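Below: one structure, written as structure tokens.
There are 2 protein chains.
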Amino acid sequence: MPAHAVAVDVGGTTIKAGRVDATGQLTRARRVPTPRDIPALVEAIGTLVRELAEPGDAVGVVVPGIVDEATGTAVLSVNLGWRDVPLRTLLVEDLGRDVTFGHDVRAGALAESVWGVGGDLLFVPVGTGIAAALVLDGRVRGTGWAGEIGMLTVSDPDGGGPVVLESVASAAGIARRYAARAGVAVDGADAVVEAADGGDLDAIAVLGDGMDALGPALADAVALLGPVPIVVGGGLAGGGESVFGPLREAITRRLGERPASGVIAARLGPWAGCLGAGAFAMGLSTSWAEEGVEP
Amino acid sequence: MPAHAVAVDVGGTTIKAGRVDATGQLTRARRVPTPRDIPALVEAIGTLVRELAEPGDAVGVVVPGIVDEATGTAVLSVNLGWRDVPLRTLLVEDLGRDVTFGHDVRAGALAESVWGVGGDLLFVPVGTGIAAALVLDGRVRGTGWAGEIGMLTVSDPDGGGPVVLESVASAAGIARRYAARAGVAVDGADAVVEAADGGDLDAIAVLGDGMDALGPALADAVALLGPVPIVVGGGLAGGGESVFGPLREAITRRLGERPASGVIAARLGPWAGCLGAGAFAMGLSTSWAEEGVEP
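This is the structure in structure tokens:
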């Protein structure tokens, strides 16, 4: 197993890259803008890897959207305009070395499991959108559009027709709904959380609507899987009790009498995906043993 | 790996037992009433095993309720009045041989994965209650109260307060709600399905309410895990399009634009749990390799 990896997390606006060791220490961190076309993207990633890598380092690259790990394909990214891009093959050709290719949210979940919160968990980044990734029995689960919970249909809290979950519960959706309701422009969900902390009833209501919509989707996973901790990442991770209180209540309401899972903040912050790219490339997991039910 | 197992499925009213081979063939099938006290239960299981077992056979016993496979404990069965019964230890002492101990629904899921529908799946028996068990990456997942989705809280379709999912969507709940609505006593959900097949609007409405309540819980699992097939077992498995049509619609409504998972009937019928007890005892799984995401 390589002791270091060069890790690259391709985001909607920024590529984050660095060199990660087996304890999760990140060095030589870099940020560059994400190019809009594929040849320029491959060149940008290649330049970063050549700059950062030492001989023997593994290389891990993760991207957003719908990812097929088995074929190394970026199947779909609406934000970046990708469809069926064989990105791993393109990178291997450019670099002349092996590349581990994966999904940014599943990478973040792995990093939280190995170096952050620890153990099995349901990682739920709540930012511009909402996604989820599951670490179960020590391994990241799912591929393709697994984890795209932000597109689940929920009731519009304003009484209109059905809407997608992330329009109500994402950080972006919360900021937008608060601005519409309070008639005040806000600079993201942080401002809504701050207002709720100060007792602003519109902010409390908008955060409550969001967590009422998000809670059942998470509770249903817990009912099926057992009490796996829910690890909230992204922009709302720092929201404190104004976010976590209503979310716990909504989960408990759906679960009924069962003990609710813990709902906790992610530990690794915005570099979790990059760290996870390194963890994937080094072949790390929480548990090497297969641990399904073996009665 | 043993080539045969004696398999025992302890139900609320009946114990089913038999001898299972590695291809899922069941021979020497037996049914006896389930005793109400633990010493009599241990004796009844012991008698069945001594009668059915050949030298070298594995022994598998599965029970309903909340089961801790790791300690071999029947943690809770409301129907059978159990709490924290160290059943595996009691059986090992009685039989003087190894016993594999597990959960009836997780056993049914394993049997469907190994010998029935095949592969990864979400097994959802809908009968007196509603439960679920997941086979993911070739292994049964979860322990304890994992899978107790019947106790999720849903809106009362009659407009009352929140109710538990199984009061609306279980076979028993469907029969009860139809009887109340149509003013006709019915002998279980089969009669409601038959009425719906014949165009009875009350039956169609009651089945629709049930599947509208069940669908989102299953859709949420699919959104998280990816398109794992949903395998409906129990009393509603034979419900045909009067059940599967509304269930597919409810799942699709919650999932939004994604391709819905297949919703199909279980293949193994009421002996799935017994077969699965044998599969557990023989150490069978769909996949021996660990297959979490390895990009």
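These protein sequences, in sequence, are chains A and B.
Using full-length UniProt numbering, the first residue of the first sequence is number 1, and each one after it goes up by one.
Using full-length UniProt numbering, the first residue of the second sequence is number 1, and each one after it goes up by one.
Cβ atoms here follow ideal geometry from the backbone N, Cα and C, with glycine treated the same way.
Small disclaimer: the values here were computed from a predicted structure and weren't measured.
With a threshold of 6 Å on Cβ separation, who are the neighbours of residue i within its own chain once the five nearest residues in sequence on each side are excluded?
i, result
"valine 92 of chain B", "Val99"
"phenylalanine 244 of chain B", "Val263"
"glycine 208 of chain A", "Pro246"
"proline 86 of chain B", "Thr73"
"alanine 3 of chain B", "Ala22"
"arginine 141 of chain A", "Leu134"
"leucine 214 of chain B", "Ala169"
"alanine 29 of chain B", "Gly18"
"alanine 217 of chain A", "Ile149, Leu152"
"phenylalanine 101 of chain B", "Val61, Gly72, Arg88"
Does residue i get closer than 8 Å to chain A when you measure Cβ to Cβ?
i, result
"glutamate 290 of chain B", "Note on glutamate 290 of chain B: pLDDT 45, under 50, position unreliable in the model; the coordinate value appears next. Yes, contact with chain A."
"aspartate 220 of chain B", "yes"
"tryptophan 145 of chain B", "yes"
Residue i versus chain B: which residues are under 8 Å apart at the beta carbon?
i, result
"glutamate 148 of chain A", "Ala223, Arg258"
Looking at the C-beta of residue i, does it have a partner C-beta in chain B at a distance below 8 Å?
i, result
"leucine 52 of chain A", "no"
"methionine 211 of chain A", "no"
"leucine 48 of chain A", "no"
"alanine 217 of chain A", "yes"
So residue i contacts chain A; which residues on that side make the cut at Cβ distance below 7 Å?
i, result
"valine 164 of chain B", "Gly256"
"aspartate 9 of chain B", "The premise fails here: aspartate 9 of chain B is roughly 13 Å from chain A at the closest Cβ pair, so nothing lies under 7 Å."
In chain B, what lies closer than 9 Å to residue i by C-beta?
i, result
"arginine 253 of chain A", "Thr153, Pro162"
"alanine 132 of chain A", "Ala223, Leu224"
Which same chain residues end up closer than 7 Å to residue i when comparing Cβ atoms and leaving out the 5 residues on each side of it in sequence?
i, result
"aspartate 84 of chain B", "Thr73, Val75"
"leucine 275 of chain A", "Ala7, Val20, Gly24, Leu26, Ala111, Trp115, Leu268"
"serine 170 of chain B", "Val126, Gly127, Thr128, Gly129, Ile130, Gly150"
"serine 242 of chain A", "Val193, Ala196, Asp197, Leu207"
"aspartate 104 of chain A", "Asp9, Val62, Val63, Pro64, Gly273"
"alanine 189 of chain B", "Ala171, Ile174, Ala175, Gly235, Leu236"
"glycine 278 of chain A", "Ala5, Ala7, Val20, Gly60"
"aspartate 68 of chain B", "Val75, Thr143, Gly144"
"methionine 282 of chain A", "Met1, Pro2, Ala5, Ala22, Ala58"
Closer than 7 Å by beta-carbon distance: list the chain B residues that pair up with residue i, in chain order.
i, result
"tryptophan 115 of chain A", "Per Cβ cutoff of 7 Å: no residues; tryptophan 115 of chain A is ~17 Å from chain B at best."
Span of the beta strand (DSSP E) holding residue i?
i, result
"glycine 233 of chain A", "230-233"
"aspartate 9 of chain A", "4-10"
"serine 155 of chain A", "153-155"
"glycine 102 of chain B", "100-103"
"leucine 26 of chain A", "26-33"
"threonine 143 of chain A", "Looking at the DSSP string, threonine 143 of chain A is not in any beta strand (DSSP E), and its letter there is neither H nor E."
"proline 246 of chain A", "Premise fails: proline 246 of chain A lies in the alpha helix (DSSP H), 241-255, not in any beta strand (DSSP E)."
"aspartate 187 of chain A", "Segment: none, aspartate 187 of chain A is in no beta strand (DSSP E) and carries neither H nor E."
Within a Cβ cutoff of 8 Å, which residues of the same chain sit near residue i, ignoring the five residues on either side of it in sequence?
i, result
"glutamate 54 of chain B", "His4, Arg19"
"aspartate 220 of chain B", "Arg254"
"leucine 136 of chain A", "Asp120, Leu225, Val228"
"aspartate 57 of chain B", "Pro2, His4, Ala5, Val6, Arg19"
"aspartate 212 of chain A", "Pro157, Pro246, Ala250"
"leucine 165 of chain B", "Ile130, Ile149, Gly150, Met151, Leu152, Thr153, Val154, Ala213, Leu214, Ala217"
"glycine 46 of chain A", "Leu91, Asp94, Leu95"
"threonine 13 of chain A", "Pro33, Thr34"
"valine 117 of chain A", "Pro229, Val231, Ile264, Ala266, Arg267"
Output the boundary residues of the alpha helix (DSSP H) element that contains residue i.
i, result
"isoleucine 130 of chain B", "It is not in any alpha helix (DSSP H) - isoleucine 130 of chain B carries neither H nor E in the DSSP assignment."
"isoleucine 45 of chain A", "38-52"
"isoleucine 149 of chain A", "Element bounds for isoleucine 149 of chain A: n/a, residue is neither H nor E."
"valine 57 of chain B", "The sequence given here places aspartate at residue 57 of chain B; valine does not occur at that position. It is not in any alpha helix (DSSP H) - aspartate 57 of chain B carries neither H nor E in the DSSP assignment."
"proline 216 of chain B", "201-225"
"threonine 89 of chain A", "87-95"
"alanine 167 of chain B", "Looking at the sequence provided, one finds serine at residue 167 of chain B rather than alanine. First-last of the alpha helix (DSSP H) with serine 167 of chain B: 165-169."
"glycine 278 of chain B", "272-281"
Residue i: beta carbon under 7 Å from a heavy atom of the ligand GDP?
i, result
"leucine 207 of chain B", "No copy of the ligand GDP occurs in the structure displayed, which carries no ligand at all."
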